[in-house]
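Input: a single structure, listed below in structure tokens.
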Amino acid sequence: MLWYKMWRESWIRFAISAVALLWMCGAVVLLQQQVRAHADEPLSYVHYIWGAVYKANVLDLYILLVIMLGLGGVLQERAQGTAGFTLSLPVSRWRLTVVRAAIGMAQVAILALLPALLISLLSPHVGQAFPFVRAVQFSVLWTGCGMVIFALTFFFSAVLSGAYSPAIASVAGLIAYSVLAKLPQFERHPAFDLLGTMHGAQLSTIDGETSLAAFAAPLPWLSLGLYVLVALCLVWVAGSIMARRDF
Amino acid sequence: MSAMTPLLFKAWRESRERFLLSATLLATICVFGVFCRGSLMKVFVPHGSFAGDPYVGYIYRLVYDGPARGLFIILVMVLALGGLQRERQHRTVGFTLALPASRARLVSIQALLGLGQVAVLAALPLLLLAVCSQLAHVSYPLEQMARFGMLWLAGGTLFFAVAFLSATLFRSEYAALAASFVFMIFYPIAVLFPPLNRYPLNIHHIMSGLAMPYFDARHALLVGPPPWALLVSMTAIAGMLIVLAVRITRHRDYS
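In the order they appear, the protein sequences are chains B and S. Numbers 4 to 250, taken from this note's numbering, label the letters of the first sequence in order. Numbers 4 to 258, taken from this note's numbering, label the letters of the second sequence in order.
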């Protein structure tokens, strides 16, 4: 029942996110001929998809949607006057936190998988192909990094009471973080560059067109493991704050 | 005291936290951008990216076509949220609707205050960059900042109007924000479709000048007369969206 409650609270956001991502990816695939024809340099289909989906517009959208999914929680419910009902349920506050985080992270993973599925299915209809293994690799990268972004918003939602403040704080935090990650001091540690990892900077052969189409390069598992750990820590901190807070 | 003042005060109280947070974040980028330019310039303007003054190119990449512009758009959309739909969720809509003011007036004043906040945010880089650049003994043309401020105001007004309408349509405040974010990213893709791709309709490009005839990309400077037709059209569309939101609010059942 608790899972159902959390799902009901976020399903509209999730549905909007899924439809938007599918629309965007569909538009990118269907427009491929037109955009590639106007490109400054000859652009292969695989590179075009990488540039439009995994590096630019769709990635930006995914990040914003993940932030949206992280919003909510008991602190926000207090403003709506429903926090009392939620807290009176016969479950611990920790369980509330864990279930909400689990639902959110599952949604983050499903959203990350959608571009891979749609692009692989739609590409043959425009006479092109995008390697499915590579697409799934990006989904794994998006899931790992998306979990950190989700957990960051989740954390801010447990700390900031305003309805929109956690979203603003997350966007600002990510912008600051992405600028910091590019500073020369951090350049030697690619794992630090979360957004770079999302668009495949750690897939060492990403810049070569042939290698993009070829069998996938190994994923940065160490970085991904680190991101998942950071995400879990943020959720744990959010849970601790919620467990002690006076509502 | 006119009847408008208490309503303006109410709208201000509801949005001031978001506005002050937004202004602080934008100000932080501008101030840190100027005073920490030593390290950041290597990131934003690698050697030889611009033919002109590297500082001008750096400010353009950091503020007018960079993280600050992205943040500005998001903040403007967040400022537009709230209103009667949100109050219904918080169960305070009855009190607001019982005030001796029409719904159209309530919503119009909320929009008016929001647009004022958008104008302040659009002008903030101008004020801060002018002062901080002088303190740091560097210079960025004032006229350029004023022109970019104008582009930001027109673009920001349009994004504000979209989010304002979205907040009127959706019951869930998060769904309204999600829909606004989707518009922000989806719109530039949509204008790639024919016949839209024949016209300069990408608001992001209009705001930054990128690929526009009024922008010199090599020197990162706006040139020629401002694109008045574009600015007026954007403001008019924003006005229409706000009027539509007001009309929807007038006829909606908030019980």
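We treat Cβ as the ideally placed atom computed from N, Cα and C, and that holds for glycine. Note that the structure is a prediction, hence the values are computed from the model and not measured.
Asked, Found
"So that I know if they touch, is there some Cβ in chain B lying closer than 7 angstroms to that of Tyr177(S)?", "yes"
"Going by the beta-carbon positions, is the gap between Met71(B) and Trp145(B) smaller than 7 angstroms?", "no"
"To which residues of the same chain is Ala217(B) closer than 7 angstroms at the C-beta, ignoring the five residues directly before and after it?", "Its pLDDT being 48, under 50, Ala217(B) is placed unreliably by the model, and nothing is read from it."
"Return the chain-ordered list of same chain residues with a C-beta closer than 7 angstroms to the C-beta of Trp97(B), the five sequence neighbours on each side being excluded.", "Gly242 and Ala246"
"Which whole-angstrom value describes the C-beta separation of Asn205(S) and Pro191(S), a residue pair presumed to lie in contact below a C-beta threshold of 8 angstroms?", "5 angstroms"
"Quick one: is Pro262(S) buried, meaning 16 or more other Cβ sit within 10 Å of its Cβ, or exposed?", "Nothing about residue 262(S) can be read from this structure; chain S reaches only from 4 to 258."
"Strictly below 9 angstroms CB to CB, what residues from chain B border Val46(S)?", "Val182, Lys185, Leu186 and Pro187"
"Leaving aside the five residues before and after Ala6(S) along the sequence, list all residues of the same chain whose C-beta is less than 7 angstroms from its C-beta, in chain order.", "Ala104"
"Thinking just about the alpha-carbon of each residue, which of Ala21(B), Asp196(B), Leu92(B) and Leu25(B) is nearest to the one in Met4(B)?", "Leu92(B)"
"Give the range of the alpha helix (DSSP H) segment to which Asn60(B) is assigned.", "Asn60 to Gly73"
"Quick one: grab the DSSP three-state call for Phe195(B).", "helix"
"Please state whether DSSP places Phe12(S) in a helix, a strand or coil.", "helix"
"On the three-state DSSP scale, how would you describe Phe218(B)?", "Note on Phe218(B): pLDDT 45, under 50, position unreliable in the model; no value is reported."
"On the three-pair Cβ rule with 8 angstroms, is the region 242–253 of chain S touching the region 167–181 of chain S?", "yes"
"Suppose contacts are defined by Cβ-Cβ distances below 7 angstroms. Is Met9(B) in contact with Leu64(B) by that definition?", "no"
"Are the region 125–145 of chain S and the region 30–42 of chain S touching by the rule of at least three beta carbon pairs closer than 8 angstroms?", "yes"
"Restricting to runs no shorter than 4 residues, where is the alpha helix (DSSP H) found entirely within the region 26–110 of chain S?", "40–47, 57–62, 70–83, 87–92 and 96–100"
"Pick helix, strand or coil for Thr116(S), following the three-state DSSP scheme.", "The sequence shown places Leu at residue 116(S), not Thr. The answer is helix: DSSP assigns Leu116(S) an H, G or I state."
"Ala125(S) touches chain B at which residues, Cβ-Cβ below 9 angstroms?", "Residues of chain B passing the Cβ test: none, with the nearest at roughly 17 angstroms."
"In the DSSP assignment, what residue or residues form a beta bridge with Leu225(S)?", "Phe218(S)"
"Would Gln147(S) pass as an interface residue toward chain B - the criterion being a Cβ-Cβ separation below 7 angstroms?", "no"
"Can you look up Ala234(B) in the DSSP assignment and give me helix, strand or coil?", "helix"
"Determine, using beta carbons only, whether Gln83(B) comes closer than 7 angstroms to chain S.", "yes"
"Please go through the same chain and pick out, in chain order, the residues whose beta-carbon is closer than 8 angstroms to the beta-carbon of Thr213(B), but skip the five residues on each side of it.", "Confidence in Thr213(B) is poor, its pLDDT being 43 and thus under 50, which makes the residue's placement unreliable; the coordinate value appears in the next sentence. Nothing meets the Cβ criterion."
"For the alpha helix (DSSP H) that Gln188(B) lies in, which residues bound it at each end?", "Element bounds for Gln188(B): n/a, residue is neither H nor E."
"Where do the ends of the alpha helix (DSSP H) carrying Gly159(S) lie?", "Leu145 to Leu172"
"Output the distance between the C-alpha atoms of Phe22(S) and Gln120(S), rounded to the nearest integer angstrom.", "7 angstroms"
"If Pro203(S) sits next to Met215(S), beta carbons under 8 angstroms apart, how far is it from one beta carbon to the other, in whole angstroms?", "6 angstroms"
"Please determine if the region 163–183 of chain B and the region 13–29 of chain S are in contact, where contact requires at least 3 C-beta pairs separated by less than 8 angstroms.", "yes"
"With 7 angstroms as the threshold, decide whether the Cβ of Met71(B) is near any Cβ in chain C.", "Looking at the structure shown, chain C is missing, and the protein chains on hand are B and S."
"Between Val81(S) and Leu180(S), which are expected to be in contact by the criterion C-beta below 8 angstroms, what is the C-beta distance as a whole number of angstroms?", "7 angstroms"
"Name the residue from Phe195(B), Ile244(B), Gly107(B) and Leu183(B) whose alpha carbon lies nearest to the alpha carbon of Ser1(S).", "Coverage of chain S is limited to positions 4 through 258, which leaves residue 1(S) absent and any answer about it impossible."
"Restricting to Cα atoms, I'd like to know which of Met44(S), Leu65(S), Leu84(S) and Phe75(S) is closest to Trp15(S).", "Leu84(S)"
"Looking only at its chain, what residues have a beta carbon closer than 6 angstroms to the beta carbon of Gly211(B), apart from the 5 residues adjacent to it on each side?", "Interpretation of Gly211(B) is limited by its pLDDT of 48, a score under 50 that renders its predicted location unreliable; no figure is taken from the coordinates."
"Anything in the region 49–68 of chain B with a Cβ closer than 7 angstroms to a Cβ of chain S? List those residues in chain order, please.", "Asn60, Asp63, Leu64, Leu67 and Leu68"
"Within this structure, are the beta carbons of Ile76(S) and Phe163(S) separated by less than 7 angstroms?", "no"
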